[in-house]
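Take 1178 as the starting number for the sequence shown in the numbering used here and just add one per residue.
Note that the Cβ used here is the ideal one computed from N, Cα and C, for glycine as well.
Comments concern the structure below.
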Amino acid sequence: MSKRMLLVLLAVLLILVCSCAGALLGAGVLWMARQTPVATQVVPAETPSAETPSSATPSSSPVPESTPAGGNKEGKLTPRPSQPQVQGGGTLRLWGSLPPTLDPAMVQDTTSSFYVTHLFSGLVRLTADLEIVPDLASEWSLENDGLTYVFRLNPEATFADGSPLTAEHVRRSWERACSPALDSPVALAYLQDIVGAGEYARGQADRIVGLEVRDAHTLAVTIDSYKSYFLAKLTYPTALVVDVDQAEADPDGWMLDPNVSGPFQLQSVTQSQIVFSRNPRYHGSPPQLERVEIVLDGGLPITMYENDRLDIVDVWADELDRVTDPYNPLHTELHVASELSVDYLAMDVTRPPFDDPLVRQAIFFAIDREKLASLVLNNTALPARGIVPPALVQAEADAAAALMVYDPDKARRLLQESRYSQPGAMPEVVLSISGTSGYLPEETEAVLAMLEENLGLVVTVEQIDWPDFLQDLNSRRYAFYASGWMADYPDQQNFLDLLFHSDSPQNHVGYSNAEVDRLLEQARVELNAVERARLYGQAELLILQDAPWVPLTHGEAYTLVKPRVGGYRSSASLYPWLLDVYLQE
């Protein structure tokens, strides 16, 4: 089949199945997670990380309580964990959904993140334990008082076609991601720390001056100030390396037959499944799986799992009681884990009626999070105690939790004090969510009922298919929407600075608070971990008081894994987990 025919097919598939998009918050949305089948372990976003239509990324390992290895002096090649001696090969079968994009530079959701992190490589990557380890870079060091990272690339690294992968390819990939012509909605959020990236993205320079190719396998990257999380940001898809010559030669079709740099190749795309095959030229330890089939349709996922048609599947809230029953054999195959994620309602603070903080605060106090988590979601989520998930360091956790109370009397009083309290003053309120089926998840229905019961606020719901939902977020079309966010990397900066700083492209609600900006900017460069956590804690409290968001729940993932699957490691965030998996039969 020609690439042009594949492109047509992919476009048709996007229309047919993108409403099921689910993966890894970031990025549909975590809001839809418990009712929507998703690509296991990706699922994520958020995103916007990222956003995500699902919360299926599990985590059985504790999340590190310190920021990741952005401050390491040097990184050296880390061997993969030892595994039982098994014969590599076989086909792993997952339930999944069609990604909005396969271009790493354009990824802003967890579904797409799952695909591209297995097809493309970056200088570094995350492990299941959320540690930063070498990928294309075999080692790195710091110069210039920590402002310049010098990466030495693996000289054996190639693209799938066998052509050498060099430092120049990394530079060109990052400049492509930031280019005004591509107009990526997320590239600057993750690469703007590099000196000159902003000027280049705005068309004010013809190159990113902070990128210096010293030789074929050495790249020096200079950032504007020392930031402990910089290396972690390089694990996000925007920093993955693509064949820029291929992308420029066929801008519309290259993603359907990409010359990949990662552990797997895109073998086929059909209406029923997407297939990965092992990349024989992958520079690292090769994946033990020969083939991965990502099933897009065929029935109820858990039924397909029970009929041995799937090897890994996420458990929805209404299936949990049956799966956790000790008399059900499935309970021995269940993995339970916490996620670095948050589901939320968001309100554009520049649009009526949400331009009145009293209206936003009224909605904030009108939601019973305990009921959402326990009764509606059947304990597949935790009631939110802030924006930042509890697994991350929080200096003001108790103070944040004290704000997150259900107080319908206070909610009614605040709404009555708002300038929209008079008859006829309240405009129509529309809640935008991802989806096209017309079916409203129980979580949505419960929130609507709380708003009507506690505030007398009748809300209309509009559903938008997932790719369009993401695009509309970037253009700030929505005054009131429900979404979710899964950590791209385990750091408070990824939740607070990325989503609420006045200048952040991921700030989709027009929120601006000069004191919050000051605290976030100070935290970026703070070297003392305790002081840094304190700054983020203060910023979070101010954001919660301003209420541009109403945090609802933090994700808990329930995943069934067949006994024949070995090496499976659940994680609180997104990483190329298929690298570790093997089949034991």
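**OP:** Return the first residue and the last residue of the alpha helix (DSSP H) that Y1377 is part of.
**Re:** 1374–1378
Original post:
Are the region 1597–1615 and the region 1563–1573 touching by the rule of at least three beta carbon pairs closer than 8 Å?
Top reply: no
Subject >> Buried/exposed call for D1360, threshold 16 Cβ in 10 Å >> reply: exposed
Original post:
Looking at the structure shown, is P1506 part of a helix, part of a strand, or coil, going by DSSP?
Top reply: helix
**OP:** Using 10 angstroms around the beta-carbon of K1253, count the other beta-carbons present and answer buried if the total reaches 16, otherwise exposed.
**Re:** With a pLDDT of 35 at K1253, under the threshold of 50, the modelled position of that residue is not reliable, and the figure given next carries that caveat. So K1253 ends up on the exposed side.
Subject >> For T1224, the three-state DSSP class (helix, strand or coil) >> reply: A caution first: T1224 carries a pLDDT of 34, below 50, which makes its placement in the model unreliable, though a value can still be read off. Correct three-state label for T1224: coil.
Subject >> Member of A1588, R1701, T1527 whose CA lies at the smallest distance from the CA of I1544 >> reply: A1588
Original post:
Which residue comes first and which comes last in the alpha helix (DSSP H) that contains I1540?
Top reply: 1534–1542
Subject >> Coil, strand or helix - S1681 by DSSP >> reply: coil
Subject >> V1398 - partner residues in DSSP beta bridges >> reply: Y1326, L1388
Original post:
Buried or exposed: which applies to H1460, given that a residue is buried once 16 or more other Cβ atoms fall within 10 Å of its Cβ?
Top reply: buried
Original post:
Exposed or buried, what is A1200 when buried is set at 16 or more other beta-carbons lying within 10 Å of its beta-carbon?
Top reply: Caution is warranted here: a pLDDT of 33 is assigned to A1200, below 50, making its placement in the model unreliable, and the coordinate value is therefore given only provisionally. Result: buried.
Subject >> Cβ-Cβ distance between G1439 and L1271 below 7 Å >> reply: no
**OP:** Could I get the ranges of all uninterrupted beta strand (DSSP E) runs contained in the region 1541–1600, with 3 residues as the minimum, in chain order?
**Re:** 1558–1560
**OP:** Given a cut-off of 7 Å, decide if A1577 and E1764 are closer than it, judged by their beta-carbon atoms.
**Re:** This structure cannot settle anything about residue 1764, because the visible part of the chain is limited to 1178 through 1762.
Original post:
To which residues of the same chain is P1444 closer than 7 Å at the C-beta, ignoring the five residues directly before and after it?
Top reply: Checking the sequence shown, residue 1444 turns out to be Gln, not Pro. Correct list, in chain order: V1452, F1453, S1454.
Original post:
If you draw a straight line from the C-alpha of A1409 to the C-alpha of L1303, how long is it?
Top reply: The alpha-carbon atoms of A1409 and L1303 are separated by roughly 8 Å.
Original post:
Which ranges does the beta strand (DSSP E) cover as unbroken runs of at least 3 residues, wholly within the region 1641–1682, from first to last along the chain?
Top reply: 1657–1663
Original post:
For L1535, which option in A1656, R1329, L1592 has the closest C-alpha, if you only look at C-alpha atoms?
Top reply: L1592
**OP:** Can you grab the Cα-Cα spacing for the pair L1719 / W1726, in whole Å?
**Re:** 12 Å
Subject >> Nearest candidate by alpha-carbon position, reference P1753, set R1384, D1474, D1312, A1579 >> reply: D1312
Original post:
Is Y1713 near L1676, with beta carbons less than 7 Å apart?
Top reply: no
Original post:
Using the rule of at least 16 other Cβ atoms within 10 Å of the residue's Cβ for burial, across every protein chain shown, is D1757 buried or exposed?
Top reply: buried
Subject >> Nearest-angstrom Cα separation, counted from A1424 out to M1432 >> reply: 8 Å
Original post:
Looking only at C-alpha atoms, which of R1486, D1383, L1300, L1342 sits nearest to Y1413?
Top reply: Y1413 has its Cα closest to that of L1300, out of R1486, D1383, L1300, L1342.
**OP:** Measure from the alpha carbon of G1266 to the alpha carbon of each residue in G1743, S1750, L1522, A1364, then state which is nearest.
**Re:** Measuring from the Cα of G1266, the nearest candidate turns out to be G1743.
Subject >> Distance between G1476 and V1624 (C-alpha atoms, nearest Å) >> reply: 29 Å
**OP:** Compare the C-alpha of N1555 against each of S1747, T1730, A1282, E1333 and name the closest.
**Re:** T1730
Original post:
So what does DSSP say about E1733, is it helix, strand or coil?
Top reply: strand
**OP:** Mind reading off the beta-carbon distance from D1525 to R1653? Whole number of angstroms is fine, and I expect it under 8 Å.
**Re:** 6 Å
Original post:
Using the C-alpha atoms, what's the distance from T1288 back to A1305?
Top reply: 18 Å
Original post:
So which of T1415, Q1465, F1407 has the shortest CA-CA distance to R1349?
Top reply: T1415
Subject >> A1523 in three-state terms, based on DSSP >> reply: strand
Original post:
What are the partner residues of W1726, as DSSP defines its beta bridges?
Top reply: A1523
Subject >> C-alpha distance - L1755 paired with D1694, whole-angstrom precision >> reply: 38 Å
Original post:
Does the region 1539–1553 come within contact of the region 1689–1709, defined as at least 3 CB pairs closer than 8 Å?
Top reply: no
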